[in-house]
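So this note's numbering is basically just the index in the sequence shown, starting at one, shifted up by 26. Every residue, glycine too, gets a C-beta built ideally from N, C-alpha and C. Please read all numbers here as calculations on a predicted model, not as lab measurements.
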Amino acid sequence: MFRHWLLGTTTAAVMALSPFVAQAQDTPAQGGDIVVTYKDDITTLDPAIGYDWVNWSLIKSLYSRLMDYEPGTANLKPSLAESFTVAPDGLTYTFKLRKGVKFSNGREVVASDVKYSIERAVNPKTQGPGAGFFGAIKGFEDVTGGKSEALSGIETPDASTVVFHLSRPDATFLHVLAINFASIVPKEAVEAAAGDFGKKPVGSGPFVLKDWTIGQKLEFDRNPDYFVKDIPHVDKVTIEVGQEPLVALLRLQKGEVDIAGDGIPPAKFLEIKNSPEGKQMIVDGEQLHTGYITLNTKVKPFDNVKVRQAVNMAVNKERITRILNGRATPANQPLPPLMPGYDKSFTGYAYDVEKAEALLAEAGYADGFETVLFSTNTDPQPRIAQAIQQDLAAIGVKAEVRALAQGNVIAAGGTEGEAPMIWSGGMAWIADFPDPSNFYGPILGCAGAVQGGWNWSWYCNADLDKRAVEADSMSDPAKAAERQKVWGKIFTDIMADAPWVPVINERRVVAKSLRMGGADNIYIDPTRVINYDAIYVKQQ
């Protein structure tokens, strides 16, 4: 039977996320071309690999998944799946696919494509950061361990049926089937791309990639064969890259740009906010976000917990919120305040320079040490990194700031694993789905501490991993409150090991042109960042 209770986490999260409840809006207009700007180029459009906040939204719109969300909300719904059932024990999920859905190469999407796509995301040869999300599917360990390339827990009895067999109940599984790593791709297109599928994407989503001029722009056209009527609303989205945020904002004010993707530079925020058209241009809302500093636990001196704790005490988080015009609050734990499981009673590490110096001395670094702090190079991130640099200098730590393009920072953290410290601003963690587990597995769990992963602290605690699995196995809605407490304790226990410095929970601010329509929550979508499927141009 159809088990609504498996969506219990979503329901609880939506209640907590009042800013993300669907907002009333006018009937969307159809047609129009829009221009969106970003400073950094897009690294990849491969759904098994892409995992930054810019390409996440674009990948969402290029591909389809079995599940999706109502626009602007965290409400799950079937998407590529027409329907699904769940066995009473929560271990078997059966999905029926929509008929007639086509990839942009013209071929119909069939059940074997679903199996191939998820196996590809799990396969270590792909070097994607999302494998761990699928850990509950039978055969997962065999694939990740290199013993097999097929997940024994995925069956395709016919072209329109996919059956998943889990090794344990998983309260997040429907969410997992809605994230980008579960996007469906055609095997023949992946193989034809010969390792370059991220530049030659083929999907069945609302948009298709029309053209990509590296370092300049990407052009996405409306997919005329998309299976949802009147989606998307705009005919074309042009992503212009290499645009400084200040220049992009000036162009937006002139009507040359429709969305300034990197937001409003802090130096211009009050000016724009107080302008006659400010209320119509600015979308400002809360999000499931934590900005943090990673401390690489595999390299000296950050292999010493006292050093990590000292750095936690050295960072003046209040000063960083001021750099952001107060559009953030200081953080003391990985979970953001809006996330179920957040522990309001937890105080974390107070800002205390003297105690930080004492801890460094206990660790054998009374004279401090030298290190490197990586940051993205888009304002205000280098300025925040410099503020952190000054805080560290106060306890004798000399940190060289390396402000690089986002792709280079990601590589330093997850590919080479060379970065001792990373300020995550500009690519800080925004939830893939509204469940506390999403702030653990990819960024603090052992599964994320791999080549290509996002656990840039390279922190792996087997005991916490076990507790995390136990928490996600609590799929009965009657245990939802208990499950949240279990997760909350996991995150506060993590802070004893201090692999991170949680710094801020930041509001997201988007600047859009006056001709753009749609409710605020599709420009600050809780699962997409920007929902390109739902935005529209007002009738002129």
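When DSSP labels each residue in this structure, what does residue i get in the three-state scheme?
i, result
"residue 238", "strand"
"residue 142", "helix"
"residue 523", "helix"
"residue 474", "helix"
"residue 209", "coil"
"residue 506", "helix"
"residue 125", "coil"
"residue 120", "strand"
"residue 331", "helix"
"residue 224", "coil"
"residue 414", "helix"
"residue 499", "coil"
"residue 48", "Reliability fails at residue 48, whose pLDDT of 41 lies under 50, so the model's placement of it is uncertain and no value is given."
"residue 86", "helix"
"residue 305", "helix"
"residue 452", "coil"
"residue 15", "A question about residue 15 goes unanswered here, because the residues of the chain that appear run from 27 up to 566."
"residue 348", "helix"
Where residue i and residue j are concerned, what is the direct C-alpha to C-alpha distance, given to the nearest angstrom?
i, j, result
"residue 99", "residue 127", "25 Å"
"residue 228", "residue 210", "9 Å"
"residue 513", "residue 460", "13 Å"
"residue 97", "residue 170", "34 Å"
"residue 375", "residue 345", "16 Å"
"residue 278", "residue 285", "7 Å"
"residue 559", "residue 132", "21 Å"
"residue 306", "residue 289", "15 Å"
"residue 458", "residue 528", "18 Å"
"residue 153", "residue 463", "21 Å"
"residue 348", "residue 511", "32 Å"
"residue 492", "residue 498", "10 Å"
"residue 273", "residue 172", "48 Å"
"residue 47", "residue 442", "Bear in mind that a pLDDT of 40 at residue 47, under 50, signals an unreliable position, so the number given afterwards is only what the model happens to contain. Each residue's Cα considered, the two are about 40 Å apart."
"residue 174", "residue 322", "31 Å"
"residue 557", "residue 405", "24 Å"
"residue 130", "residue 143", "16 Å"
"residue 248", "residue 507", "42 Å"
"residue 563", "residue 351", "30 Å"
"residue 553", "residue 326", "36 Å"
"residue 467", "residue 509", "16 Å"
"residue 359", "residue 517", "7 Å"
"residue 146", "residue 388", "47 Å"
"residue 261", "residue 453", "28 Å"
Nearest to residue i by CA position, among the options, is which residue?
i, options, result
"residue 538", "269, 561, 552 and 193", "561"
"residue 75", "55, 149, 141 and 60", "149"
"residue 214", "138, 204, 153 and 268", "138"
"residue 91", "55, 124 and 288", "124"
"residue 246", "386, 61 and 565", "61"
"residue 515", "504, 503, 494 and 525", "494"
"residue 83", "205, 176 and 182", "205"
"residue 140", "177, 369, 338 and 219", "177"
"residue 264", "287, 435 and 451", "287"
"residue 555", "53, 54 and 78", "78"
"residue 361", "136, 392 and 456", "456"
"residue 336", "395, 248, 233 and 407", "395"
"residue 309", "542, 183 and 232", "542"
"residue 195", "470, 114 and 377", "114"
"residue 233", "219, 544 and 250", "250"
"residue 280", "303, 220 and 181", "303"
"residue 339", "324, 378, 369 and 544", "378"
"residue 365", "523, 164, 465 and 445", "465"
Are the CB atoms of residue i and residue j nearer to each other than 7 Å?
i, j, result
"residue 111", "residue 189", "no"
"residue 197", "residue 401", "no"
"residue 316", "residue 487", "no"
"residue 411", "residue 399", "yes"
"residue 159", "residue 216", "no"
"residue 439", "residue 484", "no"
"residue 417", "residue 333", "no"
"residue 199", "residue 156", "no"
"residue 94", "residue 224", "no"
"residue 259", "residue 56", "yes"
"residue 320", "residue 414", "no"
"residue 108", "residue 86", "no"
"residue 367", "residue 407", "no"
"residue 192", "residue 117", "yes"
Of all Cβ atoms in chain B, is any one closer than 7 Å to the Cβ of residue i?
i, result
"residue 212", "In summary, chain B is missing from the structure at hand, where a single protein chain is found."
Is it a yes or a no for the segment 544 to 558 touching the segment 63 to 76, going by three-plus beta-carbon pairs under 8 Å?
Using a C-beta cut-off of 8 Å, the segment 544 to 558 makes no contact with the segment 63 to 76, since fewer than three inter-stretch Cβ pairs fall below that distance.
Does the segment 352 to 359 come close enough to the segment 521 to 535 to have 3 or more Cβ pairs within less than 8 Å?
These segments touch.
May I ask you to verify whether the segment 287 to 296 touches the segment 421 to 440, counting CB pairs closer than 8 Å and requiring at least 3?
Between the segment 287 to 296 and the segment 421 to 440 there are fewer than three inter-stretch CB-CB distances shorter than 8 Å, so the stretches are not counted as touching.
Kindly confirm or deny that the segment 234 to 242 and the segment 265 to 273 touch, where touching means at least three C-beta pairs closer than 8 Å.
Taking one beta carbon from each stretch, the segment 234 to 242 and the segment 265 to 273 have 3 or more pairs nearer than 8 Å; the two touch.
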